[in-house]
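Scroll down for the structure; my scribbles are underneath it.
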Amino acid sequence: MKAAALPAVVAALGLLTACTKGSFEGKLVNGLTGEPIPEMRVLLKGETTDFTCQVFEATTDASGSFKVEGTCADISYALEPGDEAYFLDKSTGAVTGGEPSTGAVEVKAWQAPKGAGVYTLKDGELKSLRTFADVKAATILDTEQKVRYPETQPKDDKSWPPVPEGGYLVLVGKTTIDRLQLLPAIQSPEIKFAPDREGITHWSLGGPWYYIGIEMTSETEFAEKTVQIDAAKVVNADGADESRVAQYIQADAVPDGKYALVGPEDRRTYLIRFGDAAAAPAEGAEAGEGEGG
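Sequential numbering of the sequence shown, starting at 759, is according to our numbering.
What follows is the structure, given as structure tokens:
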């Protein structure tokens, strides 16, 4: 071969390599149930300035299966769901373009909104929860014990949105998961509080009220209460995108009753109900170390 022909051969080989197309096959399944997710777009997004190689897509069939074709050689692709209400599990690896598929890979997808917050989930339906009321705190008379309570008295079942039977309470976002605590909300008799201004000996809310993590046995006697969440009924999901995380708490992970979902320094609280609305709010709650009287 003449030396002058070598550059042309090298260029041709380079062009052939650049034009090599690859494919990726997978099966998209629900991370909670293991069931296939049908009719969802999946995208392969590549890190390249070549517009013809940046994005490829496919749609899952009834069995959750899909095949993305046409990926470009030597480009790393990230797999993403076409619906932002889902995110892919952290076990989802990058896809190398230009390589043929070696068989279907199971890909887990978790249903959770992109924005942080608190939701309930049942049969694929996500419902957003809103905080119920401002949180107030006062000191029980003749003690150093502070007690928190919703400023607005919850008066009916509408104040306590339920975690649906067979469903989940869903916490979305790392800050949400780390900050919020599930505590029994217990309706107790009227409490006498230490004076918060001059000229009075005590004050009260004027009758029974719901208190957060405190059970009153008299006007001045109390017991701190916590709840034991069944760890086997809690699923923590971390996404391939590190900003996407969620925690799923099954409806039967705690005893039936009414609860506050609130952070230690939060100014507002969620109210939530697990199980039977008629269940005693303190049922199954455990006494904490700080008992008083």
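We treat Cβ as the ideally placed atom computed from N, Cα and C, and that holds for glycine.
| phenylalanine 824 bridges to which residues according to DSSP? | According to DSSP, phenylalanine 824 shares a beta bridge with Gly784.
| request: Please list the segments of the beta strand (DSSP E) lying wholly inside the region 845 to 898, counting only runs of 3 or more residues, in order along the chain. | output: 863 to 869, 875 to 880, 883 to 886 and 891 to 897
| said: Quick check: the Cα distance between glutamate 793 and tryptophan 868, rounded to an integer number of angstroms? | reply: 11 Å
| message | Less than 8 Å between the C-beta atoms of glutamine 939 and glycine 1021, yes or no? | response | yes
| Buried or exposed: where does phenylalanine 809 fall if 16 or more other Cβ atoms within 10 Å of its Cβ makes it buried? | exposed
| Would you call arginine 1025 buried or exposed, if buried means 16 or more other Cβ atoms sit within 10 Å of its Cβ? | exposed
| What's the call for glutamate 956, buried or exposed, on a 16-neighbour Cβ count within 10 Å? | exposed
| message | Assuming contact is defined by CB atoms lying nearer than 8 Å, are phenylalanine 890 and alanine 870 in contact in what I supplied? | response | no
| Is serine 946 helix, strand or coil by DSSP? | The answer is strand: DSSP assigns serine 946 an E or B state.
| query | What does proline 794 pair with, by DSSP beta-bridge criteria? | reply | DSSP output for proline 794 lists Val787 as bridge partner(s).
| request: Tell me whether the beta-carbon of valine 863 lies closer than 8 Å to the beta-carbon of glycine 780. | output: 8 Å or more divides the Cβ of valine 863 from the Cβ of glycine 780.
| task | Please state whether DSSP places aspartate 996 in a helix, a strand or coil. | result | strand
| field | Among Phe980, Arg906, Glu838 and Thr984, the one whose alpha carbon lies nearest that of alanine 852 | value | Glu838
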